[in-house]
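Participant:
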Amino acid sequence: MLPSLAFCNDIDFADWSAYREVHRLLREEYGFQTEDSFWLFDPGGSEMALFKGSLEEKGPRHDDLLEEIARGRLAILHGGGNFSRSNTQVRPSRRLIGEGLVYLRERAKVPQIWTNHGDEGDIQNIGGDAPTYHQGDDPSSNAYILDLLLQGGVQFFWTDHHASDAFAFSANGTAGRPLLVRERTRAGHDITCFFRYRGALPKAPDAQTLSLQLTQRNLDQLVEAGGATVVYQHWCVHRDADGRPRRASSPVFPSESMKALKRLMDYRDRRIVRVMPLTQLLLECSATAGGHQHVR
Amino acid sequence: MPADLRGVLFAPDRLVPIHRESVRRFVTRIRQDRPACFIPEVPVASELGLPRYEPLLYWIPAHRDIAGRVWQRIRERLGSVVGGRAVVTQVPAHCEQFTELSREEQVHYFAEHLHAICPKPIQVSVIVSNICNLKCVMCPYHSPDIRPTHQTDFFKDRVWMPWEMMDKLASECGASQIPVKIGNVEEPLLHPHIVEFVHACRTRGVPWIHITTNGVTLTEKLASDLLEAGLTSLYVSLDAARPETYRRIRGSVLEQVESNLRAFLRLRREKGVSCSVMASFVRNKGVSEEEIFEFREKWLRNSDGVIFYNLAEYESGNSVFKQINRVAKEKMEKVGGRWPCLNPWQEIYILPDGRVYYCCETVSKLAFEQLESMGRYPEQSLLELWRGEPFTALRRDLVLNKLDRWPACQKCGIWMAHVTATTLEDGVRTTTNMITEIIQCQTQ
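As given, the protein sequences belong to chains A and B, one line each in that order. By this note's numbering, the letter at position 115 of the first sequence is numbered 115, and the numbering carries on one by one without gaps. Quick note: to get this note's numbering, add 296 to the position in the second sequence (first position is 1).
Next up, the structure:
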């Protein structure tokens, strides 16, 4: 398999126009087909959530999001909802997220990828084999949802302990760091988790630090290793001088990040790296990994 | 006290006389329906870490639903009094807290009677020499570009702290269980008695001992000796991820120092000792964000964390930083200016020639200004120095913001640097103030 790269973006701080602008740029300027994530619920009314606090309250861009989900462009469930400690009007529950998954199945489709989101307030997050505050895979919790996610068709999970400073992974798990690992949850399910390249950044990666992730050194490593990588991003986020995140203003990607995207485009055009949607990459890796995946 | 109030006003013995004004204010504010207590505080400074008092006054109203319950809680608290001092800092629930003080009362509690809550320094910084084996471009003490601007002779001749002074420091810090920090204007590993000093400190009771070093002479033998002597913390100043940057800034060979640091980390693992190890980086001019990122990649997960120092500009020995962080600015706006810097309530600096200073800013002036020494060591003991007139006067003047006697404080640009902000993202904890950014992984 040719060395391959996919982006995995967390939709935090995005609004509809920022989301549209990023994907227009990636598609039209660089020719990258990428997916993105969304929330089922955001009590605060984010444009990137289907609903506010319940199925009775549609989010401001509900219809647009539903279409994007149906077309597979929004293909990552980002924590099921935005229930962080600072957003406490509605708490996550099995009933609420279960209703959301049924809705998705009936009106669009359930994504195959789940990424944890937020902080200790997001108790619906999945803990895998290293749970701390996570209750999404704890059958004794009111926020237990793992069985619903698996029944709904989620196949790949990113949990908090799968952020990596290493860029290149083994796509099939035969040599080096595997991109996919199997983990046993408290519910007894074995789930497939994937790593994301974060890099040694003090704060979570964003549009302004993309250039530090897509360095020539990293891309060369990927080519040399012949593997795969998933680049973790928050591309609708900029930070102020004190490091506080806020919605990205225009231009979303500063010049250094644009140069980095051009660098990636060059590797793609020279056919030494493939850039593909995350779902496709994970499915390919999963198919080639076969019995090599292991339970941690 | 208002005549219609019924209850008990209780003043436990906290080894400090209660200021008349405090009592007057307290009794005018208490109410019949609510218990209350009085805890002296200095705005912002107390919040940032000024030593804290236990409640000095309690008001327990004569109310059948309140009195018994509150007395019970207070008795529980006082039950833990050790050696005449209550050691529990909690306040009974539902007890209204009054903390306001006039400047005069602040002086009373936090300068004149500080010994009641803080009888010894929280840390002693020991400067073991004035010598360094590198000439880093940004160093105000040893840079060939800056040395010609020195106004004092402090760095002219080599001065080593004599062993007798170190021996006494180890005994005093050990007996009082005071943490020790080494490495400021000097390269401490050059001192011939450094291992002996660490060992003496630890065997005599020092709970924590730290060294900041450039790591050039940190051979495997020295690393092994320091770990076995009981070193508990080490910062290695690297300032580069690339050899050419290191050569430009520090004038030496990066690979050698990195190899020394890796060997130290390996020996720590092999010996199974707990010594925190961090790599540090000064954000010098001309260093790219890419290199800073490479530095984090190298050391964030391979040591116990990384420290970045914002580059200070030195104007006649005054450290000047470009940015004051947001939280500090907000606090300055809230109190309308300056609060007392915490250093003289926390730390004491012993120089190799026996002079005594009180903060990093005073030390940074060593090459530029003759400042008043806070006493003489070892002629005076550490506790005598801590409780002596100069320190008491300094604390008083800081509370009153009358700094005529203290030129280092007058011109100080970092008095607000104790304000920190912490974030936790993806298991990476970042703590920043206007001088440093400390980044650590929660799970290694």
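Using N, Cα and C, we set each Cβ at its ideal position, and we do this for glycine too. Treat the numbers as computed from the prediction; the structure is a model and nothing was measured.
If you draw a straight line from the C-alpha of S255(A) to the C-alpha of E21(A), how long is it?
Facilitator: Taking the first residue of the first sequence as position 1, residue 255(A) is located at position 255. Taking the first residue of the first sequence as position 1, residue 21(A) is located at position 21. Approximately 16 Å, taken between the alpha carbons.
Participant: Does I126(A) come out as helix, strand or coil in the three-state DSSP assignment?
Facilitator: Here residue 126(A) is taken as the residue at index 126 of the first sequence, counted from 1. Three-state DSSP puts I126(A) in coil, outside helix and strand.
Participant: Mind checking Y405(B): buried by the 16 CB within 10 Å criterion, or exposed?
Facilitator: Stepping through the second sequence from its first residue, residue 405(B) is reached at position 109. Y405(B) comes out buried.
Participant: Is it right to say D190(A) is buried, meaning 16 or more other beta carbons lie within 10 angstroms of its own, or is it exposed?
Facilitator: Here residue 190(A) is taken as the residue at index 190 of the first sequence, counted from 1. The residue is exposed, with fewer than 16 neighbouring Cβ atoms inside 10 Å.
Participant: So what's W711(B) in DSSP terms, helix, strand or just coil?
Facilitator: Against the second sequence, residue 711(B) aligns to sequence position 415. Looking at W711(B) - three-state DSSP - the assignment turns out to be coil, as it is neither helix nor strand.
Participant: Under a three-way DSSP split, which group does E272(B) fall into?
Facilitator: One cannot answer for residue 272(B) here, as it falls past the ends of chain B, which runs 297 to 740.
Participant: Cutting at 7 Å between CB atoms, please list the residues of its own chain near Q89(A), excluding the five before and the five after it.
Facilitator: Working through the first sequence from its first residue, we reach residue 89(A) at position 89. Non-local beta-carbon contacts of Q89(A) in its own chain, meaning distances under 7 Å to residues more than five positions away in sequence, involve P43 and G53 in chain order.
Participant: With a cut-off of 8 Å, do at least 3 Cβ pairs link the stretch 345–357 of chain B to the stretch 319–336 of chain B?
Facilitator: yes
Participant: Using the beta-carbon of each residue, which ones in chain A are nearer than 9 Å to K724(B)?
Facilitator: For the purposes of this step, residue 724(B) is taken as the residue at position 428 of the second sequence. Per the sequence presented here, residue 724(B) reads as Val, with Lys not at that position. Simply A163, R198, A200, L201, P202, K203 and A204.
Participant: Counting only Cβ-Cβ distances shorter than 9 Å, please list the residues of the stretch 593–604 of chain B near chain A, keeping chain order.
Facilitator: E593, K594, W595, L596, R597, V602 and F604
Participant: Which runs of the beta strand (DSSP E), 3 residues or longer, sit entirely within the stretch 443–502 of chain B?
Facilitator: The qualifying runs are 476–478.
Participant: Whole beta strand (DSSP E) runs in the stretch 512–546 of chain B with 3 or more residues, listed along the chain?
Facilitator: 529–533
Participant: Between A717(B) and P298(B), what straight-line distance do the alpha-carbon atoms span, to the nearest angstrom?
Facilitator: Here residue 717(B) is taken as the residue at index 421 of the second sequence, counted from 1. Here residue 298(B) is taken as the residue at index 2 of the second sequence, counted from 1. The alpha-carbon atoms of A717(B) and P298(B) are separated by roughly 44 Å.
Participant: Show which residues of chain A have a CB atom less than 9 Å away from the CB atom of E585(B).
Facilitator: Reading the second sequence from its first residue, position 289 is the one you call residue 585(B). Here the neighbours are T209, S211, L212 and E256.
Participant: Using a C-beta to C-beta distance shorter than 8 Å, which residues of chain A count as neighbours of N697(B)?
Facilitator: Start at 1 with the first residue of the second sequence, and residue 697(B) comes out as number 401. Ordered by position in chain A, no residue passes the 8 Å Cβ test against N697(B), which lies about 27 Å from the chain.
Participant: Can you tell me which of K109(A), G227(A) and A143(A) puts its alpha carbon nearest to the alpha carbon of D122(A)?
Facilitator: Counting from one through the first sequence, the residue named residue 122(A) turns up at place 122. Nearest C-alpha to D122(A): A143(A).
Participant: In angstroms with no decimal places, state the Cα-to-Cα distance between S699(B) and V623(B).
Facilitator: Here residue 699(B) corresponds to residue number 403 of the second sequence, with the count starting at 1. Here residue 623(B) corresponds to residue number 327 of the second sequence, with the count starting at 1. The residue you asked about is not Ser; residue 699(B) is Leu in the sequence shown. When rounded, the distance between both Cα atoms is 24 Å.
Participant: With a threshold of 16 other CB atoms inside 10 Å of the CB of K203(A), please say whether the residue is buried or exposed.
Facilitator: Position 203 of the first sequence, counted from the first residue, corresponds to residue 203(A). K203(A) is buried by the Cβ-count criterion.
Participant: Going along chain B in order, which residues have a C-beta closer than 9 Å to the C-beta of D160(A)?
Facilitator: Taking the first residue of the first sequence as 1, we reach residue 160(A) at position 160. Chain B residues near D160(A): D722 and G723.
Participant: How many Å lie between F13(A) and L146(A) at the Cα?
Facilitator: The sequence position of residue 13(A) within the first sequence is 13, counting from 1. The sequence position of residue 146(A) within the first sequence is 146, counting from 1. Distance between the alpha carbons of F13(A) and L146(A) is about 26 Å.
Participant: Counting only the same chain and skipping the five closest in sequence on each side, list residues whose C-beta sits under 7 Å from that of P636(B).
Facilitator: For the purposes of this step, residue 636(B) is taken as the residue at position 340 of the second sequence. The answer, listed in chain order, is V338, A341, L694 and V695.
Participant: With a cut-off of 8 Å, does the C-beta of C8(A) fall near any C-beta of chain B?
Facilitator: Numbered from 1 along the first sequence, position 8 holds the residue referred to as residue 8(A). No, because no Cβ of chain B sits closer than 8 Å to the Cβ of C8(A).
Participant: Check whether the stretch 446–466 of chain B and the stretch 594–611 of chain B are in contact - that is, three or more C-beta pairs closer than 8 Å.
Facilitator: no
Participant: Run the CB neighbour count on Y531(B), radius 10 Å, all protein chains shown included, and call it buried at 16 or more, exposed below.
Facilitator: The sequence position of residue 531(B) within the second sequence is 235, counting from 1. The residue in question, Y531(B), is buried, as its Cβ has 16 or more Cβ neighbours within 10 Å.
Participant: So, H714(B) versus L344(B), is the Cβ gap smaller than 8 Å?
Facilitator: Locating residue 714(B) in the second sequence gives position 418, where the first residue counts as 1. Locating residue 344(B) in the second sequence gives position 48, where the first residue counts as 1. Yes, these two residues count as a Cβ contact at 8 Å.
Participant: Near V403(B), what residues of its chain come up, given a Cβ to Cβ distance below 7 Å and the 5 sequence neighbours on each side ignored?
Facilitator: Within the second sequence, numbered from 1, the residue matching residue 403(B) stands at position 107. Around V403(B): R692, V695 and L696.
Participant: On the CB-based measure, 16 or more other CB atoms within 10 Å of its CB, does M462(B) come out buried or exposed?
Facilitator: The residue you call residue 462(B) lines up with position 166 of the second sequence. Its Cβ being crowded by 16 or more others within 10 Å, M462(B) is buried.
Participant: Which bits of chain A does E554(B) rub up against, with CB to CB less than 8 Å?
Facilitator: Here residue 554(B) is taken as the residue at index 258 of the second sequence, counted from 1. The contacting residues do not exist; E554(B) stays about 16 Å from chain A at best.
Participant: Opposite D36(A) in the DSSP bridges: which residues?
Facilitator: Residue numbering aside, residue 36(A) sits at position 36 when the first sequence is read from its first letter. BP columns for D36(A) point to L74(A).
Participant: Considering only DSSP beta bridges, list what N9(A) is partnered with.
Facilitator: Within the first sequence, numbered from 1, the residue matching residue 9(A) stands at position 9. Q233(A), per the DSSP bridge assignment.
Participant: Between which two residues does the alpha helix (DSSP H) harbouring I588(B) extend?
Facilitator: The residue labelled residue 588(B) in the question sits at position 292 within the second sequence. E585 to W595 is the span of the alpha helix (DSSP H), which, as asked, contains I588(B).
Participant: With which residues is P357(B) paired in a DSSP beta bridge?
Facilitator: For the purposes of this step, residue 357(B) is taken as the residue at position 61 of the second sequence. Answer is G303(B).
Participant: Assuming A168(A) contacts A225(A) under a Cβ cut-off of 8 Å, what Cβ separation, rounded to an integer in Å, is found between them?
Facilitator: Counting from 1 along the first sequence, the entry for residue 168(A) is found at position 168. Counting from 1 along the first sequence, the entry for residue 225(A) is found at position 225. With 8 Å as the limit, A168(A) and A225(A) qualify as a contact, their Cβ atoms being about 4 Å apart.
Participant: Note down, in chain order, every chain A residue with its Cβ under 8 Å from the Cβ of N621(B).
Facilitator: In the second sequence, the residue the question calls residue 621(B) occupies position 325. For N621(B), the neighbours in chain A by C-beta distance under 8 Å run, in chain order, D242.
Participant: I'd like to check one pair, R184(A) with Y232(A): are the Cβ atoms closer than 8 Å?
Facilitator: Counting from 1 along the first sequence, the entry for residue 232(A) is found at position 232. Counting from 1 along the first sequence, the entry for residue 184(A) is found at position 184. Result no, Cβ atoms of Y232(A) and R184(A) do not sit closer than 8 Å.
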